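Residue numbers (the working numbering): 0 to 208. Right, one structure below, let's go through it.
In structure tokens:
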């Protein structure tokens, strides 16, 4: 086996990160490879896999999940219709973007980060956010859950978040960007909002029954 082949097998083609011995992986069979390639086609992506290839288990699960495929297609549709790019980005970086809103969160003042930007400090934080995703069961939760599927430990990944976004997410608030069309149209008719403002303007969603 040459060096190029060996290196290729050690990289997950979905997240483009190296596969370590500690990672939970899956070795693709014929059906597994076909499933990933089918998902890639549905996503209008260029990911191609073959039998025997190794992937992160969570990456494969998220990539082939119909809900996340539908979300990815909605993102593409919004981009091509020139809707302001608030949540849709070419590449999400946990070290640069807010876990919740997807906007840049790495701005610094001198040697310190902005007061509203915090790093994930504990492993328990991720478990709590996963529980809240299940409680919310809305579009915002689906997007956050999609990001969580691509990382095994937010703390180890040096993930960042806006405190405002975290509070809104945990208290079941919904930003304007995820609000129903009627609510969004009413707000936009009153005045023109900036991109960041349109995310932080929230309303309370009903508690799940």
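Where a beta carbon is used, it is the ideal one built from N, C-alpha and C, also for glycine. The structure presented is a predicted model; accordingly, all values stated were derived computationally and were not measured.
Problem - Identity of the residue in 131, 119, 69 and 93 nearest residue 38 by Cα - result: Taking only the C-alpha atoms, the option nearest residue 38 is 69.
Problem - Helix, strand or coil at residue 70 according to DSSP, with G and I counted as helix - result: Here residue 70 sits in helix by DSSP.
Problem - DSSP beta-bridge partners of residue 18 - result: BP columns for residue 18 are empty, so no partner.
Practice task
Return the chain-ordered list of same chain residues with a C-beta closer than 8 angstroms to the C-beta of residue 72, the five sequence neighbours on each side being excluded.
Solution key: Closer than 8 angstroms at Cβ, skipping near neighbours: 41, 42 and 43.
Practice task
Label residue 19 either buried or exposed according to how many other C-beta atoms from any shown protein chain fall within 10 Å of its C-beta, with 16 as the threshold for buried.
Solution key: Label assigned to residue 19: exposed.
Handout entry: Touching by the beta-carbon criterion (3+ pairs, under 8 angstroms), the region 52-69 and the region 120-129
Key = Judged by Cβ distances under 8 angstroms, the region 52-69 makes no contact with the region 120-129, as fewer than three pairs qualify.
Problem - C-alpha gap between residue 97 and residue 161, whole angstroms - result: Computed Cα separation, rounded: 6 angstroms.
Exercise for the section: Check the DSSP bridge columns for residue 53 and list the partner residues they point to. Expected result: DSSP, once it has assigned bridges, lists 26 as partnering residue 53.
Practice task
Pull up the distance between the alpha-carbon of residue 156 and that of residue 16, whole angstroms please.
Solution key: Each residue's Cα considered, the two are about 12 angstroms apart.
Problem - Best match in 104, 151, 173 and 159 for proximity to residue 14 [C-alpha to C-alpha] - result: Out of 104, 151, 173 and 159, 151 has the C-alpha closest to the C-alpha of residue 14.
Practice task
Assign residue 114 to one of three DSSP states: helix, strand, or coil.
Solution key: Looking at residue 114 - three-state DSSP - the assignment turns out to be coil, as it is neither helix nor strand.
Problem - Short Cβ contact (8 angstroms threshold) for residue 139 with residue 173 - result: A contact, by the Cβ cut-off of 8 angstroms.
Practice task
Going by CA-CA distance only, name the one from 149, 163, 165 and 164 that's closest to residue 23.
Solution key: When the alpha-carbon of residue 23 is set against those of 149, 163, 165 and 164, the nearest one is in 149.
Handout entry: Exposed unless 16 or more other CB atoms sit within 10 angstroms - verdict on residue 142
Key = Answer is buried; the Cβ neighbour count reaches 16.
Handout entry: Cβ-Cβ distance between residue 29 and residue 12 below 8 angstroms
Key = No, Cβ-Cβ distance for residue 29 and residue 12 is not below 8 angstroms.
Practice task
Starting from the C-beta of residue 66, find all residues in its chain whose C-beta is less than 7 angstroms away, skip the five residues before and the five after it, and write them out in chain order.
Solution key: Excluding the 5 residues flanking it on each side, residue 66 has same chain C-beta neighbours closer than 7 angstroms at 141, in chain order.
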